[in-house]
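Participant:
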Amino acid sequence: MTIARSPRAASASPARLLAGWLDSRRPAGFAEHRARYGALPVEHYAGRNGRARLLATVDASGLRGRGGAGFPIGRKLRAVARGRRPVVVANGCEGEPVSRKDHALLTVAPHLALDGAVLAALATGAKEIILCVHRDDPLAASVAEALAERPSGEIPLRLVQVPGRYVSSEESALVNFLETGDARPTAKPPRPFEHGVRGRPTLIGNVETLAHLALIARYGPEWFRGCGTQESPGTTLVTVGGGVARPGVYEAALGTPVTEVLDQAGGPAEPPQAILFGGYGGAWLPAPVAAGIRLSAEDLRAAGATLGVASLTVLPAHACGLAETARVLRYLAGESARQCGPCMFGLPAIADDFTALVLGGRAAAQAGQRLRNRLSVIPGRGACAHPDGAVRLAASALRCFAQDRQAHLAGRPCAWAAHPALPLPNWNNRSGEWT
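Just so we're aligned: 352 in the working numbering is position 333 of the sequence shown, and the numbers increase by one with no gaps anywhere.
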């Protein structure tokens, strides 16, 4: 993993979450953290009046979740605060294979995320904070050390290690694991903010989101809105991967042109043909389209993609986008929770059809028709959004690589179909998890 410096676009600011820690490549201790940011303003936000002040500050900042959904955090905090005996869960589980932003943050600045978790507890009235990371992740040891450094008298924080599966970081899966030991999503409603850990209203907050909260509480909403866009204020951590010179995690102001973000990663290593936005539950865009948009939820939505976990994965010119998508769809089918029809039957069927499409010939034409039918009926029918993400990926690939599809249908599969370009985890037979 590489942690890199922030882009300096016209709308960008210096790095915020990674500022001061870029060269250390080690966790900042609590003393270092406090020397840089000062004490957490707990007294300013304590009590009923302080809670109202904190909620108003978050609302004014416009902070949206950085875990994928982009939901306004102020609304989420208020919903949890209305319940009795709430719980805060800091989500540091990163199941998306092309995202390393949360890992990067917890590697160098764990106390920012922990500060944010404490503030979320103050905002909701929670007396319990749980930090979740993936089991067997080497990061767990350094996070445990950071927890041990926290000041006495603070709201208790405890570390829980979760199985390393793609769906285990989904919010209802975390609640389910904390209650039963089974890290699979559950049907909704109710959602965790209504009925979560031990039946209590539960805030599931991505660790990057919480780190932004820690800075907003110190510097104010106007400071936070000093970069970014009206709808998407602030900075975000971006994982840039695939065919670029320097893959890694970067910090950029939302609204920065995609080309400038790629430039920070050294630019494409060879002419790109497409970029995958938002991870393996995201969408492909042709390189010329991607080059004309900004890194923001609104720009990507208008282009038919999603910001998601803020990952940009560049597909080099030599790779086959259909073959890469088929591999990823097979992985996503294997990561199904196997508890509802769209995942158990729909995702393997989509993966089979996409593989047939890649192989070409007469079977590919039949597979194409089946794909059109399946992609139209699966979204919104699963217990979680896992099948929706797979459908989004498949549908975007059919659009983005339409010319390649015609070549495959004509029985001319590309020579590079057998040479993978996108990363997938390795399966650990001993733990039964991806590593």
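Note that the Cβ used here is the ideal one computed from N, Cα and C, for glycine as well.
Out of G399, C359, A409 and G224, point me to the one whose CA is closest to A109's CA.
Facilitator: Taking only the C-alpha atoms, the option nearest A109 is G224.
Participant: Which of the three DSSP states, helix, strand or coil, is assigned to F49?
Facilitator: Note: F49 maps to helix in three-state DSSP.
Participant: Does the separation of the CB atoms of H337 and G379 fall below 7 angstroms?
Facilitator: No. Outside cutoff.
Participant: Check this for me: beta carbons of I92 and V77, under 7 angstroms apart or not?
Facilitator: In this structure, V77 lies closer than 7 angstroms to I92 by Cβ.
Participant: Could you tell me which uninterrupted beta strand (DSSP E) segments, each at least 3 residues in length, are contained entirely in the segment 131 to 159, listed from first to last along the chain?
Facilitator: The qualifying runs are 148 to 153.
Participant: As a quick exercise: from A352, L334 and L133, pick the residue whose alpha carbon is nearest that of A233.
Facilitator: When only C-alpha atoms are compared, the closest one is L133.
Participant: Which runs of the beta strand (DSSP E), 3 residues or longer, sit entirely within the segment 150 to 208?
Facilitator: Here the runs fully enclosed are 176 to 181.
Participant: Using a 10 Å radius around the Cβ and a threshold of 16 neighbouring Cβ atoms, would you call V126 buried or exposed?
Facilitator: What sits at residue 126 in the sequence shown is Thr, not Val. Buried, since its Cβ has 16 or more Cβ neighbours within 10 Å.
Participant: Can you find the residues in the same chain that come closer than 6 angstroms, C-beta to C-beta, to G260, ignoring five residues on each side of it along the sequence?
Facilitator: The residues are V117, P266 and T332.
Participant: Using the rule of at least 16 other Cβ atoms within 10 Å of the residue's Cβ for burial, across every protein chain shown, is S171 buried or exposed?
Facilitator: When all chains shown are included, S171 counts as exposed.
Participant: Please state whether DSSP places P91 in a helix, a strand or coil.
Facilitator: Three-state result, P91: strand.
Participant: Does DSSP put Q422 in a helix, in a strand, or in coil?
Facilitator: If DSSP states are grouped into helix, strand and coil, Q422 belongs with the helices.
Participant: What's the gap between the Cα of L412 and the Cα of P60?
Facilitator: Those two C-alpha atoms are separated by around 43 angstroms.
Participant: Using only alpha-carbon positions, find the residue among G69, P439 and L351 that is nearest to V410.
Facilitator: The candidate whose alpha carbon is nearest that of V410 is L351.
Participant: What are the start and end residues of each continuous alpha helix (DSSP H) run of 4 or more residues lying completely inside the segment 70 to 126, in chain order?
Facilitator: Entirely contained in the segment 70 to 126, the alpha helix (DSSP H) runs reaching 4 residues are, in chain order, 92 to 100.
Participant: So who's on the other strand from W303, going by DSSP bridges?
Facilitator: DSSP, once it has assigned bridges, lists L295 as partnering W303.
Participant: Specify, as a first and last residue, the run of the alpha helix (DSSP H) that I369 falls within.
Facilitator: Per DSSP, I369 belongs to the alpha helix (DSSP H) from L366 to L378.
Participant: Taking Cβ positions, are S80 and I235 nearer each other than 7 angstroms?
Facilitator: A contact, by the Cβ cut-off of 7 angstroms.
Participant: Measure the beta-carbon distance from G114 to S191 and round it to whole angstroms, keeping in mind my assumption that it falls under 8 angstroms.
Facilitator: Wrong, their Cβ atoms sit about 14 angstroms apart, outside the cutoff.
Participant: Who are the near neighbours of A356 in its chain, counting only those whose CB is closer than 8 angstroms to its CB and skipping five residues on each side?
Facilitator: The answer, listed in chain order, is V186, A192, R203, P204, C362, A402, C403 and H405.
Participant: Name the DSSP beta bridge partners of Y269, please?
Facilitator: V257.
Participant: Identify whether R313 lies in helix, strand or coil by the three-state DSSP scheme.
Facilitator: Strand, per DSSP.
Participant: Specify, as a first and last residue, the run of the alpha helix (DSSP H) that T278 falls within.
Facilitator: Start and end: V277 to Q283.
Participant: Using a Cβ-Cβ cut-off of 6 angstroms (strictly less than) and excluding sequence neighbours within five positions of S161, which residues of its own chain qualify?
Facilitator: Only P46 meet the Cβ criterion.
Participant: Within this structure, are the beta carbons of A272 and T258 separated by less than 7 angstroms?
Facilitator: Not closer than 7 angstroms, so no.
Participant: How is the beta strand (DSSP E) around I223 delimited, first residue to last?
Facilitator: Taken as a continuous stretch (DSSP letters only), the beta strand (DSSP E) holding I223 covers T221 to N225.
Participant: Between which two residues does the alpha helix (DSSP H) harbouring L390 extend?
Facilitator: First-last of the alpha helix (DSSP H) with L390: R381 to V396.
Participant: Buried or exposed for F90, going by 16 or more other Cβ atoms inside 10 Å?
Facilitator: F90 should be labelled exposed.
Participant: For A375, is the classification buried or exposed, using 16 other Cβ atoms within 10 angstroms of its Cβ as the cut-off for buried?
Facilitator: Buried, because 16 or more other Cβ atoms sit within 10 Å of the Cβ of A375.
Participant: Rounded to the nearest angstrom, what separates N447 and H153 at their Cα positions?
Facilitator: Reliability of the predicted coordinates at N447 is poor, the pLDDT of 47 falling under 50, and the value obtained from them is presented with this limitation in mind. About 14 angstroms.
Participant: Among L314, C112 and R85, which has the Cα closest to the Cα of L17?
Facilitator: With the chain covering only 20 through 454, there is no way to say anything about residue 17.
Participant: Please list, in chain order, all residues of the same chain as L158 whose beta carbon is under 7 angstroms from its beta carbon, the five residues on each side excluded.
Facilitator: The residues are H122, L125, T126 and V152.
Participant: Nearest to I174 by alpha carbon, out of V137, R320, P209 and A206?
Facilitator: I174 has its Cα closest to that of V137, out of V137, R320, P209 and A206.
Participant: Closest to N65 by C-alpha separation, out of Y56, T143 and K95, would be which residue?
Facilitator: The displayed chain sequence assigns Ala, not Asn, to residue 65. Measuring from the Cα of A65, the nearest candidate turns out to be T143.
Participant: From G274, L222 and R177, pick the residue whose C-alpha is nearest to that of A98; which is it?
Facilitator: The residue with the shortest Cα to Cα distance from A98 is L222.
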